[in-house]
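>
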Amino acid sequence: EIKDMIGREVIDSRGNPTVEVEVITKGGGYGRAIVPSGASRGAHEAIELRDKEMRFGGKGVLLAVDNINSIIKPELIGFDSRMQREIDMLMKELDSTENKRKLGANAILAVSLAVAKAAADTASLPLYKYIGGCNSYVMPVPMMNILNGGVHGGNQLEFQEFMIMPVGADSISEAIRISSEVYHTLKKVILDKYGKDAINVGDEGGFAPPVKEIREALDLLERAVKLVGYEDKIVYAIDCAATEFYNREKDCYILQGKELSTDDLISLYREIVDEYNIVSIEDPLHEDDFEGFARITKELKGIQIVGDDLFVTNTERLREGIKKGAANALLLKVNQIGTLTEAIDAANLAFRSGYGVIVSHRSGESEDTTIADLSVALNTGQIKTGAPARGERTAKYNQLIRIEEELGCPKYAGKNFRCPF
Ligand code: PGA
Ligand code: ZN
């Protein structure tokens, strides 16, 4: 039974304010959660409530915190913390808007996650086991974003994320070691080629060298992997975040100053998929192009096409995508939809429809490790949580190492990352 709840304003990995909630149950359970925040947000995401006053440059979250303490809390005191769905649906009703803009998705999600953690603690269960039960045993392949572009890096590279996937590892801890070795080798490669100014890192811990060409970035990754001798263990993934370089007026994509049609862009993807060992492409086209997504999914057979800004973890948008054959994987970001229940519903719909699921962080993160547990709970087989650097990213990887140890001999998704069963 929920006894107390405290909402407060804390800061995230970019130094921006965000919402934290603590939940205490009568049974002595305690849960605390901090919500993340994206930079390349999809237009159809649930809304983060921001104060728009002078403090924190207009990004304060005191309104959201006040909604927790004065509106949500009085409704939830006395509720059984295990009634996750009822609690989440009640908050949805209290908000009453379609995108949670009234109470704020940041307020609602912080409560939703803290309630789950308090319930797990009350039952003396680790979070992944509380959510997933005894069937949770798959350790995800990390998609490590080791080279940053787009709105996450101070360079001219349009594609946002260049990731390595250590599918040939035997365990999550080995996957993390391999990725860390590649990461440090990449640092040397970048230092040799571009000098000391180029080894600073972007928002997600990856390097952000002054690279312009997509192939130049992929070459750097390949070079590092080869130098450290892991060609047989690593494949590549990219997140293009194409909405960010799509020009709506001209209905074209602008890459390196050149205007590209949807067909041109799909041809480029076909080329780089042939040239490099890329197995997964996220948001290759802009966020409303379901038809284009369906085409590229069909044309690049065998490649994982991931919908992030396209689906925004929303079952309605995912249902439309499934009907049209748009993409074949869902990027699952809890704060895009605003409650744990709705995020899990989206994952289950994806699984039932033969879509892969990737649990994902945001570029603005915190020390909160909920998503590490969630990836194991749902057996998604894939997690995207940045480079093996910066505390807010390593917090998730370190939690996965702990879970792996606790599970004894879990299964590492490896090459079967899309359907780990
Ligand atoms: P965001 O980026 O958190 O800045 O939205 C992550 C992504 O696009 O996957
Ligand atoms: Zn994305």
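Going by full-length UniProt numbering, the first residue of the sequence shown is number 16, and it counts up by one from there.
Positions of the beta carbon are idealized from the N, C-alpha and C atoms, including for glycine.
1) Taking buried to mean at least 16 other C-beta atoms within 10 Å of its own C-beta, is Phe174 buried or exposed?
2) Would you decide whether Thr277 is buried or exposed? Buried here means 16 or more other CB atoms lie within 10 Å of its CB.
3) Is there contact between the segment 77-84 and the segment 152-163, where contact requires at least three CB pairs shorter than 8 Å?
4) Between which two residues does the beta strand (DSSP E) holding Val321 run?
5) Who are the near neighbours of Asp247 in its chain, counting only those whose CB is closer than 8 Å to its CB and skipping five residues on each side?
6) Could you check if Gly302 belongs to the surroundings of the ligand ZN, using beta carbon to heavy atom distance under 6 Å?
7) My guess is that Tyr245 and Leu233 are in contact by the Cβ rule of under 8 Å, so how many angstroms apart are they, rounded?
8) Output yes or no for whether 7 Å exceeds the beta carbon distance between Ile123 and Ala402.
9) Can you tell me whether Arg97 is buried or exposed? The criterion is at least 16 other CB atoms within 10 Å of its CB, across all chains shown.
10) Measure the C-alpha to C-alpha separation of Glu189 and Glu419 and round it to an integer number of angstroms.
11) Use the C-beta contact count for Lys265: other C-beta atoms within 10 angstroms, 16 or more gives buried, fewer gives exposed.
12) What do you reckon, is the C-beta of Gly44 under 6 Å from a heavy atom of the ligand PGA?
13) So Glu306 and Asp324 are supposed to be a Cβ contact under 8 Å. How far apart are they, rounded?
14) Measuring alpha carbon to alpha carbon, tell me which residue in Val372, Ile318 and Thr312 is nearest Asn329.
15) By Cβ distance below 7 Å, which residues in the same chain neighbour Glu342 in space, the five residues on each side in sequence not counted?
16) Decide yes or no for the touch test of the segment 163-171 against the segment 195-206: beta carbon pairs closer than 8 Å, at least 3 of them.
17) Taking Arg332 as the reference, which of Ser195, Ala58, Glu407 and Met104 has the closest Cα?
18) Is the closest heavy atom of the ligand PGA to the C-beta of Glu256 under 6 Å?
19) Would you report the Cα separation of Leu118 and Asp279, rounded to the nearest angstrom?
20) Should the segment 372-387 be regarded as contacting the segment 408-418, the criterion being three or more beta carbon pairs within less than 8 Å?
21) Among the candidates Ala134, Gly210 and Met69, whose CA atom is the shortest distance from the CA of Ala48?
22) Could you pull the DSSP bridge partners for Gln397 from this structure?
23) Does the distance between the C-beta of Gly164 and the nearest non-hydrogen atom of the ligand PGA fall short of 6 Å?
24) Taking the beta strand (DSSP E) that Asp19 falls in, what are its first and last residues?
25) Can you have a look at Gly22 and say buried or exposed, based on whether 16 or more other CB atoms are within 10 angstroms of its CB?
26) Do Lys107 and Ala61 have their CB atoms nearer than 7 Å?
27) Contact between the segment 257-272 and the segment 293-301: three or more CB pairs below 8 Å?
28) Less than 7 Å between C-beta atoms, sequence neighbours within five positions excluded: which residues of the same chain meet that for residue 437?
29) Anyone know if the C-beta pair for Leu393 and Ala344 falls short of 7 Å?
30) Counting C-beta neighbours from all protein chains within 10 Å, is the total for Gln271 16 or more, i.e. buried, or is it exposed?
With the structure as the only source:
1) Phe174 should be labelled buried.
2) Classification of Thr277: buried, given that the 10 Å Cβ count is 16 or more.
3) Of all C-beta pairs linking the segment 77-84 to the segment 152-163, fewer than three are shorter than 8 Å, placing the two stretches out of contact.
4) Segment Gln319 to Gly322, the beta strand (DSSP E) holding Val321.
5) Around Asp247: Gly183.
6) Here residue 302 is Glu; the residue named in the question, Gly, does not match the sequence. The answer is no for Glu302.
7) Incorrect: roughly 16 Å between the Cβ atoms, too far for contact.
8) Contact flag unset, no.
9) With 16 or more other Cβ atoms within 10 Å, it is buried.
10) As the crow flies, the alpha-carbon of Glu189 is around 11 Å from that of Glu419.
11) Burial call: exposed.
12) It does not: the Cβ of Gly44 is nowhere closer than 6 Å to a heavy atom of the ligand PGA.
13) With a Cβ gap of about 16 Å, Glu306 and Asp324 do not count as contacting.
14) Distance check between Asn329 and each of Val372, Ile318 and Thr312 places Val372 closest, using alpha-carbon atoms only.
15) Before going further, note that residue 342 is Ala rather than Glu in the sequence given. Around Ala342: Phe308, Thr312, Ile320, Val321, Gly322, Leu325 and Gly336.
16) With the rule of 3 Cβ pairs closer than 8 Å, the segment 163-171 does not count as touching the segment 195-206.
17) Ranking Ser195, Ala58, Glu407 and Met104 by CA distance to the CA of Arg332 puts Ala58 first.
18) Checking the sequence shown, residue 256 turns out to be Ala, not Glu. When distances are taken from the beta-carbon of Ala256 to the heavy atoms of the ligand PGA, the shortest one is below 6 Å.
19) The alpha-carbon separation between Leu118 and Asp279 amounts to approximately 42 Å.
20) Below 8 Å, enough C-beta pairs join the segment 372-387 and the segment 408-418 to call them touching: three or more.
21) Considering only alpha carbons, the answer is Ala134.
22) DSSP output for Gln397 lists Val156 as bridge partner(s).
23) Gly164: no, Cβ never under 6 Å from the ligand PGA.
24) For Asp19, the enclosing beta strand (DSSP E) starts and ends at Ile17 to Ile26.
25) Classification for Gly22: buried.
26) No.
27) Touching, yes.
28) Summary: the structure shown does not reach residue 437, with the chain confined to residues 16 through 436, and so no result is reported for it.
29) The answer is no: Cβ separation not under 7 Å.
30) Gln271 is classed as exposed because its beta carbon has fewer than 16 other beta carbons within 10 Å across all chains shown.
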